[in-house]
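Input: a single structure, listed below in structure tokens.
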Amino acid sequence: MGKDKVKSPHVLLFPLPLQGPVNCMLKLAELLALNGLQCTFLNTDYIQNCLLKHTHVQSRFDNYPEFRFEAIPDGLPEDHPRTGDKFLDVANGIQEVMKPIFVEMLTSGKLSSKSSSPVSFVIADGFYSFAVDLAKEIGIPLMYFETISPCALWTFFCLPRLIELGEVPFKEEDYDRKVSGVPGTKNFLRGRDLPSFFRISDLNHPIIQFILKEIQEIPRSQGLLLNTSENIDGPIISQISTLCPNIYNIGPLHSLHKSILLSAQKASSHTSSSNSLWEDDKSCMTWLDAQPQKSVIYVSIGSIAVMTVDQLMELWHGIVNSGKRFLWALRPGSIAGKDSKYAIPAELSDATKERGCIVSWVFQEEVLAHPAIGLFLTHSGWNSTLESLVEGVPMICWPYIVDQQVISRFVQEVWKVGIDMKDNCDRILIEKTVREIMEDRKDEFEKSSSVMAKLAGQSVADQGGSSHHNFNRLLKDIRAMSVNT
Ligand code: UDP
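If you read the sequence shown in the working numbering, its first letter stands for residue 3, the second for the next number, and so on.
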């Protein structure tokens, strides 16, 4: 390197080893690399292998000479399902295997033989509470990227207060009681709308302890990145900023990513920007092309949720009985139980042949953007919710875990772009809810969804979009903070 050339910061990005966080962090990494920053993306071997097998990440990122992947073990056997019901195993692997490797990498000053220069900045998932102390110890600035929804993050921050008020833990008979310990939610949050973990009755449970540690450590970092915008989450952002003054709202990130790549003319319709851990089925796009506008229900429970065979049957019957067309991404491993074999009743297989399409995995951003999609039956993961908001697709929410219970309530009560079916999976309710959104209250939902889509779109506009502005501020701050390391 020439004597006078200013060294570009070397950012280490460390996502939680799950589809949603990896997808977000990769998009952020690409935007940083596009702006000339050196980036090292720290994956697990498992995730890295899935990405290499099913996507073009390697060739996409080869366009950025200063970008490299590193991969470390996650401590789990290859055939571990890594699903939501086994999250404690993932968390234990992080503590026992990933954390010591990460500590060694940072303290030794060199990540591996592949890295040429020491790391000067860290962006870690908010779950990695241990990272901030380490970064402070070795004098490297660190920011957290919370890829969960800000509305749920705010309830995390309120957990000590909820405990103090006696609103957590709560019993099943209190699920419908409104909670008062989450300022700014105007009393629309009930017990059942708090994060799934808050249903745990033992406050010493490791997950509760993880959350308490997380909310203690996040404000000690140099900044907090959130996948949202003022237009979507203004009041919640104001609440969080009372605790974390330096927030960068850079969402909806998938949309910001697209917008920046398009202006840099890096996006090509021939190269998918999918970061899928499973093979994207392309045939469903051809099937969608043959369906009328806004006629199809898209069904997916994301990358880690599982359901029982009974729940699968209730969903399937409900959807079929609604008489609508449907595209279902039925992820391998998403049916609980070792022998998840089930008989398919003739009325379901006939109706599916006639007006349905079931595949394993899709490139969801593209599916939701297709004009044939009229409704999304979702588990209310934050990425899925944002992808639906951006495309103006109304939702039926059937939340599963973590932040999804909060998101689904916000979808119904705050953004008013869907109906929350929380804790109910019954064919009659599903059929009725589909009809409510696609027929009885169609105009109302179309209107509210298009209002939200417009607001989300404004956030990422390259002229005056708040997330664009925040991303540029982030770049400037990474450069300024890295100089001093
Ligand atoms: N996704 C996808 N294809 C599918 C199902 C999901 O590409 O068939 C993507 C989806 O676009 C989203 C991510 O997987 O970006 C899921 O993240 P989310 O936060 O919605 O839920 P999680 O999987 O973490 O529960």
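The beta-carbon is built from N, C-alpha and C at its ideal position, and this holds for glycine as well.
Note that this is a predicted model, so its numbers are computed, not measured.
For residue i versus residue j, is the C-beta spacing smaller than 7 Å?
i	j	result
residue 302	residue 21	no
residue 169	residue 183	yes
residue 393	residue 371	yes
residue 232	residue 468	yes
residue 31	residue 16	no
residue 298	residue 332	no
residue 220	residue 130	no
residue 134	residue 223	yes
residue 197	residue 408	yes
residue 26	residue 34	no
residue 123	residue 143	yes
residue 362	residue 378	no
residue 462	residue 245	no
residue 308	residue 479	no
residue 344	residue 311	yes
residue 318	residue 350	yes
residue 401	residue 424	yes
residue 455	residue 254	no
residue 120	residue 111	yes
residue 177	residue 476	no
residue 148	residue 228	yes
residue 419	residue 452	no
residue 132	residue 180	no
residue 399	residue 313	no
residue 327	residue 295	no
Apply the 10 Å Cβ neighbour rule to residue i and answer buried if 16 or more other Cβ atoms are within range, or exposed otherwise.
i	result
residue 261	buried
residue 141	exposed
residue 282	buried
residue 62	buried
residue 348	exposed
residue 316	buried
residue 355	exposed
residue 411	buried
residue 472	buried
residue 79	exposed
residue 336	buried
residue 126	buried
residue 484	buried
residue 95	buried
residue 482	exposed
residue 225	buried
residue 109	exposed
residue 264	exposed
residue 446	exposed
residue 205	exposed
residue 236	exposed
residue 234	buried
residue 14	buried
residue 386	buried
Closest to residue i by CA distance: which of the options is it?
i	options	result
residue 76	65, 62, 362 and 50	50
residue 155	404, 482, 432 and 292	404
residue 73	83, 53, 255 and 451	53
residue 339	85, 295 and 135	85
residue 23	278, 390 and 334	278
residue 113	70, 148 and 246	70
residue 470	36, 334, 252 and 38	252
residue 366	401, 288, 276 and 324	276
residue 152	481, 19 and 384	384
residue 97	452, 325 and 18	18
residue 106	423, 136 and 160	136
residue 104	67, 46 and 236	46
residue 165	150, 188, 189 and 213	213
residue 200	406, 464, 421 and 235	406
residue 190	353, 422, 284 and 64	422
residue 57	9, 14 and 280	280
residue 242	466, 160 and 48	160
residue 368	353, 300 and 65	300
Assuming residue i contacts residue j (C-beta within less than 8 Å), just tell me the rounded distance between them.
i	j	result
residue 436	residue 321	7 Å
residue 416	residue 397	Not a contact, Cβ separation roughly 13 Å.
residue 238	residue 186	7 Å
residue 388	residue 208	Not a contact, Cβ separation roughly 29 Å.
residue 162	residue 203	About 17 Å; that fails the 8 Å criterion.
residue 39	residue 11	5 Å
residue 376	residue 440	6 Å
residue 323	residue 443	Not a contact, Cβ separation roughly 19 Å.
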